[in-house]
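**Student:**
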Amino acid sequence: MGMRKAALWAAVAMVTSATTLAFAQDAATTEAPPPAPAKSSALEGAYIGGLGFVYLTDSSRDYDSGGGARALFGYPISKSFNVEISGYGQNAESDGGPRDDLDGWGVGVDAMIPFTQGRLRPFGLIGAGYQRDEAGFDKEDNGYVNLGLGALFALGRGFDLRAEARYVPVFTGSGSADESRYDDGQLGLGLQYTFQPPKPDTIVYVAAPAAIAAAPIVDTDGDNVPDSADKCPNTPKGVQVNEFGCPLDTDGDGVADYLDKCPNTPRGMKVDAKGCVGGAQTFLLRDVNFEFDSDKLTANSTGILDNVVGGIKDQKGLQIEVAGHTDSKGSDAYNLALSKRRAASVKAYLISKGVPAGQLDSRGYGEKQPVATNETDEGRAQNRRVELRIQDRPQ
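Going by full-length UniProt numbering, the sequence shown opens with residue 1, and the numbers climb by one from there.
1) So, does the CB of residue 90 fall closer than 8 Å to a CB anywhere in chain D?
2) What would DSSP say about residue 217, mapped onto helix, strand or coil?
3) Going straight from the alpha carbon of residue 90 to that of residue 135, what length do you get?
4) Determine the direct distance from the alpha carbon of residue 308 to that of residue 268, and round the result to whole angstroms.
5) Determine the DSSP secondary structure at residue 259, reduced to helix, strand or coil.
6) Can you name the start and end residues of the alpha helix (DSSP H) that residue 155 belongs to?
7) How would you call residue 383, buried or exposed, if buried means at least 16 neighbouring beta carbons within 10 angstroms?
8) Within the chosen definition, does the segment 113-123 reach the segment 77-93 through at least 3 CB pairs nearer than 8 Å?
9) Taking just the CA atoms, how far does residue 327 sit from residue 334?
10) Which residue's Cα is closest to the Cα of residue 322: 310, 292, 390, 274?
11) So the candidates are 85, 68, 100; which of them puts its Cα closest to the Cα of residue 75?
12) Quick one: Cα of residue 144 to Cα of residue 65, how far?
13) How many Å lie between residue 364 and residue 329 at the Cα?
14) Are there 16 or more other CB atoms within 10 angstroms of the CB of residue 126, so buried, or fewer, so exposed?
15) Using a Cβ-Cβ cutoff of less than 7 Å, which residues in the same chain neighbour residue 231 once the five nearest sequence positions on both sides are dropped?
16) Label residue 122 either buried or exposed according to how many other C-beta atoms from any shown protein chain fall within 10 Å of its C-beta, with 16 as the threshold for buried.
17) Going by Cα to Cα distance, which pick from 304, 315, 236, 239 is closest to residue 272?
18) Quick one, which of 51, 370, 93 has its alpha-carbon nearest residue 151's?
19) If you run the structure through DSSP and keep just helix, strand and coil, what is residue 117?
20) For residue 339, report the span of its beta strand (DSSP E) as first-last.
21) Count the other CB atoms, across all protein chains shown, that sit within 10 Å of the CB of residue 324; report buried if there are 16 or more and exposed otherwise.
22) Taking Cβ to Cβ, would you say residue 339 is nearer than 8 Å to residue 379?
23) Any idea which residues DSSP pairs residue 307 with across the strands?
24) Based on the DSSP output, what are the partners of residue 269 in its beta bridges?
25) For a test of the three-state rule: what should DSSP assign to residue 172, helix, strand or coil?
26) By the DSSP assignment, the beta strand (DSSP E) with residue 186 in it spans what residues?
27) Whole angstroms are fine: how far does the CA of residue 181 sit from the CA of residue 169?
28) Spatial neighbours of residue 345 within its chain, please: C-beta separation below 8 Å, excluding the five flanking residues on both sides.
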């Protein structure tokens, strides 16, 4: 081991002295702090590094000291603990015997533990890994551990100068007692770069401008819709309005709810000034259908008729004829009978829902009053229909 071991321990002693000096400087700053120095970027983010090193071989290997290079990647786990993954290659020449040069490479994982903060940041290393040694045709797969000391010196912009000394026992697991373990060493110097975390955006506070007195909001009719947006600016007090300031018209008959005496009139029926059905008219029961070749109403049709019932059952004096129609398929007699049955079916349903029987009559017209051509499916579908024929109210 001799001179090579002495050189390794001398390097460790030098790094230890640097560590002691750094601690002393940190202690001094508590009494008279100097201007803030640049800090090492280590432990502020992930980092990479590259080092060249002097390869100090165990004297029992019969090789001179050589050289090597190491690449590493590190990541901070906490403010006082890093994990490093590194790979290296190294070479040592034979010390004069017939042996081939010794080539080796290895990979390992280390814990890197900084001791202080500041521009000079000493640290310790402890780890283990795998190393392959080759000398001519001889090859060995070995495990190793390493203990080390080092220091980082901040250069700025994320760069640090890195110096380290590693004691590397290599375990061969074979041979004599002297050959089962080699105590090698590495003295390294290189650069390390830390990826800086993004800096937070600078927040600029701008004084708010002086408040400007808002123009008074005018709402003449008091419906909570400003006159500037009110399309019905003279709505009586207390009347419910929509977003445009106009009175609600739930049944869409053109008569506002607050004036509508018949607020549930079916959409499409003509009404008088009071919102009730007025004047002789024919109202198509759109989408009121029956099962095929039958007078039985479909489920969807009964729902449509329920809406009609709510609008006509309370309108006193209203006389309505339920008129049934068919297309031209089939005989005249058959179609006439089918239209009568279907009209009667609708009448019966309206009566069952509360429309007075005395206000209703039913009649079938067969195929005699088409509203579209019977030459197309679409036209025939329009001709198969039920209508409410409303008579003019007696004056």
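Backbone N, C-alpha and C define an ideal beta-carbon position, used for all residues, glycine too.
**Tutor:** This is what the structure holds:
1) No chain D appears in this structure, which consists of one protein chain only.
2) What you label residue 217 is simply residue 217 of the sequence shown in a count that begins at 1. In this structure, residue 217 counts as coil in the three-state DSSP scheme.
3) For the purposes of this step, residue 90 is taken as residue 90 along the sequence shown, with counting starting at 1. For the purposes of this step, residue 135 is taken as residue 135 along the sequence shown, with counting starting at 1. Residue 90 and residue 135: Cα-Cα distance of roughly 12 Å.
4) Here residue 268 corresponds to residue number 268 of the sequence shown, with the count starting at 1. Here residue 308 corresponds to residue number 308 of the sequence shown, with the count starting at 1. One C-alpha to the other measures close to 11 Å.
5) If you number the sequence shown from 1, residue 259 lands on position 259. In this structure, residue 259 counts as coil in the three-state DSSP scheme.
6) Your numbering for residue 155 matches position 155 in the sequence shown. Residue 155 -> not in any alpha helix (DSSP H); beta strand (DSSP E) instead, spanning 138-156.
7) As a working note, residue 383 is residue 383 in the sequence shown. Residue 383 comes out buried.
8) yes
9) Residue mapping note: residue 334 aligns to position 334 of the sequence shown, counting from 1. Residue mapping note: residue 327 aligns to position 327 of the sequence shown, counting from 1. Between residue 334 and residue 327, the C-alpha separation is close to 11 Å.
10) Mapped onto the sequence shown, residue 322 falls at position 322. Out of 310, 292, 390, 274, 390 has the C-alpha closest to the C-alpha of residue 322.
11) Within the sequence shown, residue 75 is the residue found at index 75, counting from 1. Among 85, 68, 100, the Cα nearest to that of residue 75 is on 85.
12) Position 144 of the sequence shown, counted from the first residue, corresponds to residue 144. Position 65 of the sequence shown, counted from the first residue, corresponds to residue 65. If you take the alpha carbons of residue 144 and residue 65, they lie about 18 Å apart.
13) Start at 1 with the first residue of the sequence shown, and residue 364 comes out as number 364. Start at 1 with the first residue of the sequence shown, and residue 329 comes out as number 329. Taking the straight line joining both Cα atoms gives about 16 Å.
14) Indexing the sequence shown from 1 puts residue 126 at position 126. Exposed.
15) Residue 231 sits at position 231 when you count from the first residue of the sequence shown. Closer than 7 Å at the Cβ level, and outside the excluded window around residue 231, lie 244, 245, 246.
16) For the purposes of this step, residue 122 is taken as the residue at position 122 of the sequence shown. The residue is buried, with at least 16 neighbouring Cβ atoms inside 10 Å.
17) Indexing the sequence shown from 1 puts residue 272 at position 272. Comparing Cα-Cα distances from residue 272 to each of 304, 315, 236, 239, the minimum goes to 315.
18) Start at 1 with the first residue of the sequence shown, and residue 151 comes out as number 151. Of 51, 370, 93, the residue nearest in Cα terms is 51.
19) As a working mapping, residue 117 is identified with position 117 in the sequence shown. Three-state DSSP puts residue 117 in coil, outside helix and strand.
20) Here residue 339 refers to the residue found at position 339 when the sequence shown is read from its first residue. Run containing residue 339: none in the beta strand (DSSP E); it sits in the alpha helix (DSSP H), 332-352.
21) In the sequence shown, residue 324 corresponds to position 324, counting from 1. Flag for residue 324 reads buried.
22) Along the sequence shown, read from residue 1 onward, the residue named residue 339 stands at position 339. Along the sequence shown, read from residue 1 onward, the residue named residue 379 stands at position 379. Not closer than 8 Å, so no.
23) Reading the sequence shown from its first residue, position 307 is the one you call residue 307. In the DSSP output, where bridge partners are listed per residue, residue 307 has none listed.
24) Residue 269 sits at position 269 when you count from the first residue of the sequence shown. Per DSSP, none; premise fails for residue 269.
25) The residue labelled residue 172 in the question sits at position 172 within the sequence shown. Residue 172 falls in the coil class under three-state DSSP.
26) Residue mapping note: residue 186 aligns to position 186 of the sequence shown, counting from 1. Here the beta strand (DSSP E) through residue 186 covers 181-194.
27) Sequence index remark: in the sequence shown, residue 169 carries index 169 (1-based). Sequence index remark: in the sequence shown, residue 181 carries index 181 (1-based). Going by the C-alpha atoms only, they are around 7 Å apart.
28) Working through the sequence shown from its first residue, we reach residue 345 at position 345. So the qualifying residues of the chain are 290, 295, 296, 297.
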